[in-house]
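This report refers to the structure that appears directly beneath it.
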Amino acid sequence: NARANRLAHHLIALGVKPGDHIATVLDRSVALVVAQLAILKAGGVYVPIDRALPSARQEWLMADCAARLVLSESDDDDLLEVTIPVLAIEPLMTGAGSSADPGLALSAEAAAYVMYTSGSTGLPKGVVVAHRAVNRLVINNGYAQFSSSDRVAWVGNPAFDISTLEVWAPLLHGSSLVVIPQIDVLQPEVLRRLVQQHGITVLHLTAGLFSQSADDLGPALASLRLLLVGGDAVDVAAVARVLRGSRPQHLLHCYGPTETTTFATVCEITAIDETFGRLPIGRPIANTRVYLLDDHG
Numbered sequence: 410n411a412r413a414n415r416l417a418h419h420l421i422a423l424g425v426k427p428g429d430h431i432a433t434v435l436d437r438s439v440a441l442v443v444a445q446l447a448i449l450k451a452g453g454v455y456v457p458i459d460r461a462l463p464s465a466r467q468e469w470l471m472a473d474c475a476a477r478l479v480l481s482e483s484d485d486d487d488l489l490e491v492t493i494p495v496l497a498i499e500p501l502m503t504g505a506g507s508s509a510d511p512g513l514a515l516s517a518e519a520a521a522y523v524m525y526t527s528g529s530t531g532l533p534k535g536v537v538v539a540h541r542a543v544n545r546l547v548i549n550n551g552y553a554q555f556s557s558s559d560r561v562a563w564v565g566n567p568a569f570d571i572s573t574l575e576v577w578a579p580l581l582h583g584s585s586l587v588v589i590p591q592i593d594v595l596q597p598e599v600l601r602r603l604v605q606q607h608g609i610t611v612l613h614l615t616a617g618l619f620s621q622s623a624d625d626l627g628p629a630l631a632s633l634r635l636l637l638v639g640g641d642a643v644d645v646a647a648v649a650r651v652l653r654g655s656r657p658q659h660l661l662h663c664y665g666p667t668e669t670t671t672f673a674t675v676c677e678i679t680a681i682d683e684t685f686g687r688l689p690i691g692r693p694i695a696n697t698r699v700y701l702l703d704d705h706g
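Position 245 (the sequence shown) corresponds to 654 in my numbering; numbering is contiguous.
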C-alpha cells in the first residue's frame, strides 16, 4: 500500500487527473497490483495490455484508449513506438515520495479500468468498467463468499477480465493473493505442487486449461474451497471425473462476457450426467438481471 501511495503521488505530480487512462504493460506480478492500486488512488483508469501482443497491436490499443502514459518494466522499451511517456515502475514505487494515501474522493460510478475484448470478430473493443461493477463481482455476489482466510491464485492473463476477480477478491477481503508465473501455470505438475504448497483455496481455470490439466492436478483440486471454471465450453467428461475423484468443496461453472464484468451467471455443479452436451450456466449473480430472448428479441 505504501508503494502504491508513492506511485500515485508521482502520477498526480505528472499531471494525471481523475478519468485519465493509464496503460500497464506488465506481467502479472506484485508490481502490477501496485500499479493498478496506484492508478486508482490517483483517480485514473488502468488499461492492462498483454505484453505478448505484437508491438503494433499494443500501440493501437494505447492510441484507441487515449492513454496518457504507460507503466512498464523499463522506460526505454524500444519495442514501443509511442509519443506518450513510458515510465519504469520500480523507481517510482521504491523511490522518495509520500507514502500517505492521496485521499481523492471518487464516485462508485467512476471508471476503474478498461478491458479490451480479444477482437476475434473484428477490432478489439474497449469495455469501460466502473468501480461499483468490481464490487458487484466480489462482494455480496450471491455465488461465492470470499473471506480474509482465503488464498487466491492469480493465474489469468492480466489483460483478460478474469484477473478482475483474481486480484480484487483478495484485496477487498484482506486475504492473500498468490501470483503464479505463466510458465508454471502451463505445467500441471508444477501448478499442482504450488497450489498445495501455498495452501490455495480459490482457483479459476479457463475451460481449455481445465480440460487439459484437471486429471493431472488431482489432489490439488480436492484441497480447494472454490474451483471456478469457464470462459468457453467446458469439457463435461472432465468435470465428471473431477467430481468423482478430486472434488473441491465447491465447483462453479461461470459464464459472462467482458461487458458484464467477468460473470453474469454462475452454476454450482454437484453432479453431472456425462451424456449432457454442455454444463448449465446457472442463475444471475447478485445485482444482475438476465433476459431470455427468442429469435425475435
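For every residue, glycine included, the Cβ atom is placed at its ideal position computed from N, Cα and C. The structure presented is a predicted model; accordingly, all values stated were derived computationally and were not measured.
Annotation: the continuous alpha helix (DSSP H) that includes Leu546 extends over His540 to Val547.
Rounded to the nearest angstrom, the gap between the Cα atoms of Glu518 and Lys426 is 16 angstroms. Each residue's CA atom was taken as its position, placing Ile493 and Asp436 some 20 angstroms apart. Here the alpha carbons of Gly665 and Gly640 stand approximately 8 angstroms from one another.
Remark: fewer than three beta-carbon pairs, one from each stretch, lie closer than 8 angstroms, so the segment 540 to 547 and the segment 472 to 482 are not flagged as touching. Only residues of its own chain outside the window of five on either side were considered, and among them Asp473, Cys474, Val523 and Tyr525 have a CB closer than 7 angstroms to the CB of Gly535, listed in chain order. With contacts defined as CB atoms closer than 8 angstroms, Leu626 and Leu660 fail to qualify as a contacting pair. Excluding sequence positions up to five before and after Leu501, its CB lies within less than 6 angstroms of the CB of Leu416 and His419, all in the same chain and listed in chain order. Where Thr674 is concerned, the enclosing beta strand (DSSP E) starts and stops at Thr674 to Glu677. Counting only the Cα atoms, Arg412 lies some 26 angstroms from Val611.
C-alpha of Cys676 to C-alpha of Arg687: approximately 12 angstroms in a straight line. In the structure shown, Thr433 falls within a strand segment according to DSSP collapsed to helix, strand and coil. Proximity to Thr674 across Leu580, Thr573, Pro689 and Ala562 peaks at Pro689, based on C-alpha coordinates.
Boundaries of the alpha helix (DSSP H) harbouring Pro579: Ile571 to Leu580, taken from the DSSP string. Taken through DSSP and simplified to helix, strand or coil, Arg466 comes out as helix. Around the beta carbon of Tyr700, fewer than 16 other beta carbons lie within 10 angstroms, which makes this residue exposed. From the listed residues Gly551, Ala568, Ser557 and Arg466, the smallest Cα separation to Ser438 is found for Ala568.
Sequence-distant Cβ neighbours of Thr671 in its own chain, meaning closer than 7 angstroms and more than five residues away, are Leu546, Asp570, Ile571, Thr573, Leu574 and Gly665. Residue pairing for Tyr525: DSSP places it in a beta bridge opposite Gly535.
Looking at Val588, Leu423 and Asp624, the one whose alpha-carbon comes closest to that of Ile609 is Val588. Shown here, Ser481 sits in a strand according to DSSP, grouped into three states. With respect to Ala642, Ala616 sits close: the two C-beta atoms are nearer than 8 angstroms. For Leu449, the uninterrupted alpha helix (DSSP H) segment begins and ends at Val439 to Lys450.
Between Leu470 and Ile458 the beta-carbon gap is near 5 angstroms, inside 8 angstroms, which marks them as a contact. By a beta-carbon distance limit of 8 angstroms, Val604 contacts Ser632. Their separation comes to about 7 angstroms.
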